[in-house]
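Numbering (UniProt numbering), first residue to last: 1 to 117.
These notes are about the structure you will find just below.
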């Protein structure tokens, strides 16, 4: 039998300490995260992430990511600049496996994420 998993209000999950964002192009940008669930095989992960304003590069070479923006405002752009979208609280974003691009954090952002191999 497969058991149902339910996770409560992710708006209030406490996250870890803020650390430098390694892929930032904006000096001083910080991020923090909390993992709230992972499948037994590690192929699916759920968590909460926050980041301070600035710009950084990102890729999803190994996993797809589903994001739900809880607060703040960001612009996400494909690596070649062909696609760009601005997201704010309530927005949902799907980054397919293999995606590469840039995030511009306009306002301190908090999101939930689901990573899937």
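Glycine included, each C-beta is placed from N, C-alpha and C at the ideal position.
Ignore the nearest five residues each way along the sequence and tell me which others in residue 108's own chain have a CB closer than 6 angstroms to its CB.
52 and 72
Within 8 angstroms, strictly: CB atoms of residue 15 and residue 50
yes
If we require 3 or more residues per run, which beta strand (DSSP E) segments fall completely within the UniProt domain "(S)-ureidoglycine aminohydrolase cupin" (40-113)?
44-51, 54-60, 64-78, 84-88 and 92-95
Proximal residues to residue 36 (C-beta, below 8 angstroms), its chain only, five neighbours per side dropped:
7, 10, 13, 46, 47 and 48
Going by the DSSP bridge assignment, what does residue 116 pair with across the sheet?
44 and 64
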